[in-house]
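S.K.: Can you read through this structure? Questions will come right after.
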Amino acid sequence: MHSSGHGIPAMTIVPRQLHPFIEGMTWTRITIGESKSDTFRLDRSGHAALYLKIAPRIHWKALLWEKERLDWLHGRLPVPDVVGYETDDRNEYLLITSLPGCHIASLTVEEPNEKIINLLATGLRAIHAIPIHDCPFDMTLDQEIERARHNVVNDLVDEADFDDTRLGRSAAELFKELLSTRPAEEDLVFTHGDYCLPNVMMDRKEVSGFVDWGRAGVADRYKDIALVVGSLERNTGEDLELAFLEAYGLSSPDADKIEYYKLLDEFW
Numbered sequence: 049m050h051s052s053g054h055g056i057p058a059m060t061i062v063p064r065q066l067h068p069f070i071e072g073m074t075w076t077r078i079t080i081g082e083s084k085s086d087t088f089r090l091d092r093s094g095h096a097a098l099y100l101k102i103a104p105r106i107h108w109k110a111l112l113w114e115k116e117r118l119d120w121l122h123g124r125l126p127v128p129d130v131v132g133y134e135t136d137d138r139n140e141y142l143l144i145t146s147l148p149g150c151h152i153a154s155l156t157v158e159e160p161n162e163k164i165i166n167l168l169a170t171g172l173r174a175i176h177a178i179p180i181h182d183c184p185f186d187m188t189l190d191q192e193i194e195r196a197r198h199n200v201v202n203d204l205v206d207e208a209d210f211d212d213t214r215l216g217r218s219a220a221e222l223f224k225e226l227l228s229t230r231p232a233e234e235d236l237v238f239t240h241g242d243y244c245l246p247n248v249m250m251d252r253k254e255v256s257g258f259v260d261w262g263r264a265g266v267a268d269r270y271k272d273i274a275l276v277v278g279s280l281e282r283n284t285g286e287d288l289e290l291a292f293l294e295a296y297g298l299s300s301p302d303a304d305k306i307e308y309y310k311l312l313d314e315f316w
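In the working numbering, the protein residues as written are 49 to 316.
Here it is in structure tokens:
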């Protein structure tokens, strides 16, 4: 194993079942994004890049969730293929293929905002068009609120990472707000669950695929919408919410739902 950057693990910590796929690869740590897992790009001359994710098992089998969703999405959307999934006493390990192109967050300087917005809207419409009648992944509010409760009770919520408008408040306080402001209805579609600029790939000026599917499943479309409008502002420095909503096709957006799903995201 060769490495570049800091904090690269020895290959001996990786389960031996994955060794044939990663021997001789150069490892580079991926630092963009807010994943709970450590992610490494693995390169070797003459071979397509692979990505290895390593996550502590405390995060309720987050990588197993992603593996299951990638398997289900195969043939439905352009997503990475699963090369292997293994566990040991401490960690989960997910090895996946790469997608062509680069993530949209890396293009915010060279591409005009209008182009980025249109790509993101096109990608999200494609995700939300996936039929849900046979989708086994329930990410509706009944389930998500219980997961949020679990994270609060087990002190797994990073209060220092709250959005600026919520900094200084406690996770318990936000959870009470999550309960009291819950929307009466959910507009259920298939959702990505973490639809932000680093998770959307572009190649030759078009969307080439999507990554980081661990929180995907049936949920309100506003779950994705809330996250992408926040990601647009973080990555461009501009408030592009209305422009995105227009490109996506929402003529009468629900501002309360957008704020609610931003609140829900604070618990992960």
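All residues carry an ideal CB built from backbone N, CA and C; glycine is no exception.
It should be emphasised that the depicted structure is a prediction, and the values quoted were computed from it without experimental measurement.
What is the rounded straight-line gap between the Cα of residue 230 and the Cα of residue 190?
M.R.: So the two alpha carbons sit approximately 10 Å from each other.
S.K.: Please classify residue 50 as buried or exposed, where buried requires at least 16 neighbouring CB atoms within 10 angstroms.
M.R.: With a pLDDT of only 45 at residue 50, under the threshold of 50, the placement of this residue in the model should not be trusted; the figure read from the coordinates follows. Result: exposed.
S.K.: Within a Cβ cutoff of 8 Å, which residues of the same chain sit near residue 52, ignoring the five residues on either side of it in sequence?
M.R.: Residue placement at residue 52 is poorly supported in this model, since its pLDDT is 44, which falls under 50; the coordinates still yield a value, given next. These residues qualify, in order along the chain: 74, 75 and 76.
S.K.: Quick one: what's residue 267 bridged to in DSSP?
M.R.: BP columns for residue 267 point to 237.
S.K.: For residue 247, count neighbouring C-beta atoms within 10 Å of its own C-beta (all shown protein chains included) and say buried if the count is 16 or more, exposed if not.
M.R.: The residue in question, residue 247, is buried, as its Cβ has 16 or more Cβ neighbours within 10 Å.
S.K.: In whole angstroms, give me the CA-to-CA distance for residue 118 and residue 257.
M.R.: For residue 118 and residue 257, the distance between alpha carbons rounds to 12 Å.
S.K.: Going by DSSP, what residues sit across from residue 31 in a beta bridge?
M.R.: The chain is shown from 49 up to 316; residue 31 falls before or after that span and cannot be answered.
S.K.: Residue 202: buried (16+ other C-beta within 10 angstroms of its C-beta) or exposed?
M.R.: Residue 202 should be labelled exposed.
S.K.: Give the straight-line distance between the Cα atoms of residue 178 and residue 296, rounded to the nearest whole angstrom.
M.R.: Near 16 Å, if we compare the C-alpha coordinates of residue 296 and residue 178.
S.K.: What are the residues that DSSP puts in a beta bridge with residue 258?
M.R.: Residue 258 pairs with 248.
S.K.: Using the C-alpha atoms, what's the distance from residue 268 back to residue 303?
M.R.: When rounded, the distance between both Cα atoms is 14 Å.
S.K.: Where does residue 162 sit, in a helix, a strand or coil, going by DSSP?
M.R.: Helix, per DSSP.
S.K.: Helix or strand or just coil, what does DSSP make of residue 232?
M.R.: In the structure shown, residue 232 sits in coil (DSSP, three-state: anything other than H, G, I, E or B).
S.K.: Our contact map puts residue 144 next to residue 131 with C-beta atoms below 8 Å; I'd like the distance itself, whole angstroms only.
M.R.: Going by Cβ atoms, the distance from residue 144 to residue 131 rounds to 6 Å, so yes, they are a contact pair.
S.K.: Does the count of Cβ pairs from the region 121-137 and the region 280-291 closer than 8 Å reach three?
M.R.: The region 121-137 vs the region 280-291: no contact.
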